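For reference, the structure discussed in these notes is given below.
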Amino acid sequence: MKATITVLPGDGIGVEVTNQAMHVLSRIGTQYGHDFTFHEALIGGIAIDKTGTSLPDETLTIAEQSDAILLGAVGGPKWSDPTAPVRPEQGLLKIRKHFELFANLRPVKAYPALAQHTPLRAELLENVDILFVRELTGGAYFGPRQEQGDGDSAYDTMLYSVPEVARVAHVAFRAAQGRSKKLTSVDKANVLASMRLWRRTVGEVHEDYGDVALDHVLVDACTMYLMTRPASFDVVLAENMFGDIITDEASVLAGSLGMLPSASIGAEKFGLYEPVHGSAPDIAGQGKANPTGTLLSAAMLLRYSLGLEEEAMALEQAVEAALVSGARTADIAPRGGSYISTEEFTQTVIGAL
Ligand code: IPM
Ligand code: MG
Numbered sequence: 029m030k031a032t033i034t035v036l037p038g039d040g041i042g043v044e045v046t047n048q049a050m051h052v053l054s055r056i057g058t059q060y061g062h063d064f065t066f067h068e069a070l071i072g073g074i075a076i077d078k079t080g081t082s083l084p085d086e087t088l089t090i091a092e093q094s095d096a097i098l099l100g101a102v103g104g105p106k107w108s109d110p111t112a113p114v115r116p117e118q119g120l121l122k123i124r125k126h127f128e129l130f131a132n133l134r135p136v137k138a139y140p141a142l143a144q145h146t147p148l149r150a151e152l153l154e155n156v157d158i159l160f161v162r163e164l165t166g167g168a169y170f171g172p173r174q175e176q177g178d179g180d181s182a183y184d185t186m187l188y189s190v191p192e193v194a195r196v197a198h199v200a201f202r203a204a205q206g207r208s209k210k211l212t213s214v215d216k217a218n219v220l221a222s223m224r225l226w227r228r229t230v231g232e233v234h235e236d237y238g239d240v241a242l243d244h245v246l247v248d249a250c251t252m253y254l255m256t257r258p259a260s261f262d263v264v265l266a267e268n269m270f271g272d273i274i275t276d277e278a279s280v281l282a283g284s285l286g287m288l289p290s291a292s293i294g295a296e297k298f299g300l301y302e303p304v305h306g307s308a309p310d311i312a313g314q315g316k317a318n319p320t321g322t323l324l325s326a327a328m329l330l331r332y333s334l335g336l337e338e339e340a341m342a343l344e345q346a347v348e349a350a351l352v353s354g355a356r357t358a359d360i361a362p363r364g365g366s367y368i369s370t371e372e373f374t375q376t377v378i379g380a381l
């Protein structure tokens with residue numbers, strides 16, 4: 029097949045990891061007879077430096093003409109002044125909203141080989157394989173707000189409508205049907221009106237999925253259960269901000285934030301794929317970044333936007349094989365032990381392919 033992929037490297041290690049992902053995707057193209065074209069464009073801090081805005085129109089035009097977006101990371105100390113009128117993160121939020129990518133899939137698996145990198149006992153990590161479905165275009169991130177008003181107060185509004193909750197709930201229920209038919213919905217229905225609407229709506233959508241067991245958990249309790257009994261979760265559905273918080277927490281289960289991929293999808297096949305980690309300015313440009321999160325995001329791109337399941341699985345297995353063979357970037361190397369570079373790790377994955 030022919031496919032055009034927009035690549036938005038962004039800032040910091042985003043540049044290195046997307047570069048490696050392009051090598052791997054090209055390799056898969058050659059191996060399976062696909063013609064992948066990459067179009068690079070600007071987002072984030074580098075876009076602010078070059079154009080004055082974190083998401084230039086040209087980037088949207090390029091992305092609109094493509095089949096999917098692969099994104100690195102945005103942000104860095106250079107642009108982190110909270111009073112600045114333009115911030116790198118705005119570009120990311122805008123592009124998610126522009127394409128109505130309302131469902132953010134974040135799979136978290138505990139790799140036995142990396143158990144020593146988590147603060148949890150190895151036995152708690154057995155069989156940890158969770159799919160988080162985070163609502164991505166609603167809630168406090170996008171509700172009515174006032175910032176820098178009179179300087180004495182500011183507000184954000186956690187606003188949800190029934191259709192907004194229902195459409196992401198359908199994504200989560202369908203995902204649960206394809207897994208162990210268990211869905212946990214996270215909310216704060218004991219305090220927030222928007223979260224009572226969330227719980228009620230998820231319950232109504234449940235009527236279409238009689239084969240899936242649903243339970244509701246309050247977000248504060250959820251953070252505790254994620255550490256005390258992580259293996260009891262399968263698919264977890266959460267609103268935007270709670271999903272942001274609990275997926276960073278859950279990354280601890282995988283041994284490193286560098287391991288985690290994500291897919292942001294909407295009603296069509298088009299999607300945006302990015303590692304869960306940020307731009308890591310402290311290690312940028314040193315060849316130390318772990319490309320795993322981005323490579324696994326590229327696998328999700330193959331699966332969800334291009335429909336290439338076999339290729340996606342081949343890439344996931346190659347990453348797993350590289351890890352099993354002992355390939356380790358700095359973040360997952362044994363304490364004081366040796367590690368290989370971003371590029372060497374990628375070469376090991378390509379070798380396994
Ligand atoms: C994420 C990030 C973003 C978010 C930031 C960078 C805007 O933390 O993708 O999880 O909060 O959604
Ligand atoms: Mg986050």
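Residue numbers (our numbering): 29 to 381. Positions of the beta carbon are idealized from the N, C-alpha and C atoms, including for glycine. All of these numbers come straight from a predicted model, not from anything done at the bench.
Judged by beta-carbon spacing, Gly364 lies beyond the 8 Å limit of Ala317, meaning their Cβ atoms are not closer than that value.
DSSP places Lys210 in the uninterrupted beta strand (DSSP E) bounded by 210-215. Within 10 angstroms of the beta-carbon of Asn268 lie 16 or more other beta-carbons, which makes it buried.
Relative to ligand 2, even the nearest heavy atom lies 7 Å or more away from the CB of Asp95. At the C-beta level, Ile360 and Gly283 come within 8 Å of one another.
Secondary structure of Asp85 (DSSP, three-state): helix. Here Ala278 is near Ile158, since their CB atoms are less than 8 Å apart.
At least one heavy atom of ligand 2 lies less than 7 Å from the C-beta of Asp272.
Between the region 301-312 and the region 256-273, the count of Cβ pairs shorter than 8 Å is below three; the stretches do not touch. Taking the Cβ atoms as the reference, Leu142 lies roughly 28 Å from Ile97, outside the contact range of under 8 Å. For ligand 2, a non-hydrogen atom lies closer than 7 Å to the CB of Asp276. In this structure, the CA atom of Arg195 is about 9 Å from the CA atom of Glu163. Within 7 Å of the C-beta of Gly103 there is at least one heavy atom belonging to ligand 1. By the neighbour-count criterion, in which a residue is buried when 16 or more other Cβ atoms sit within 10 angstroms of its Cβ, Thr185 is exposed. Distances from the CA of Ala49 to each of Ile33, Trp226, His62 were compared; the closest alpha carbon is that of Ile33. Within 7 Å of the C-beta of Glu163 there is not a single heavy atom belonging to ligand 1.
In the DSSP assignment, Arg207 falls outside any beta strand (DSSP E) and carries neither an H nor an E. Contact between Phe160 and Arg134 holds: their C-beta atoms lie close to 4 Å from each other, under 8 Å. Following the DSSP letters along the chain, one finds Asp77 inside the alpha helix (DSSP H) bounded by residues 73-79.
At the C-beta level, Lys210 and Val240 come within 8 Å of one another. Scanning its chain for C-beta atoms nearer than 7 Å, with the 5 sequence neighbours on each side dropped, one finds around Ser54 the residues Phe64, in chain order. Counting along the chain, the unbroken alpha helix (DSSP H) around Pro116 starts and ends at 116-126. If you look at Ala350, you'll find it in the alpha helix (DSSP H) that goes 337-352. In the DSSP annotation of this structure, the continuous segment of the beta strand (DSSP E) that includes Asp243 starts and ends at 241-246. In this structure, ligand 1 has no non-hydrogen atom nearer than 7 Å to the beta-carbon of Glu267.
The beta strand (DSSP E) runs lying completely inside the region 140-182 and spanning 3 residues or more are 157-163, given in chain order. When beta bridges are read from the DSSP output, Pro289 appears opposite Pro303. Taken atom to atom, the span from the alpha-carbon of Pro362 to that of Glu296 is near 42 Å. Of the other Cβ atoms in all chains shown, fewer than 16 fall within 10 Å of the Cβ of Ser260; this residue is therefore exposed.
A contact is defined here as three or more CB-CB pairs under 8 Å, and the region 98-116 meets this definition with respect to the region 318-329. With respect to Val156, Pro258 sits close: the two C-beta atoms are nearer than 8 Å. Ser208 and His51 have their C-alpha atoms spaced approximately 34 Å apart. Annotation: Gly321 is outside any beta strand (DSSP E); the continuous alpha helix (DSSP H) that includes it extends over 320-332. Taking a cut-off of 8 Å for Cβ pairs, the region 71-86 and the region 332-347 do not touch, as fewer than three such pairs fall below it. In the structure shown, the three-state DSSP call for His51 is helix.
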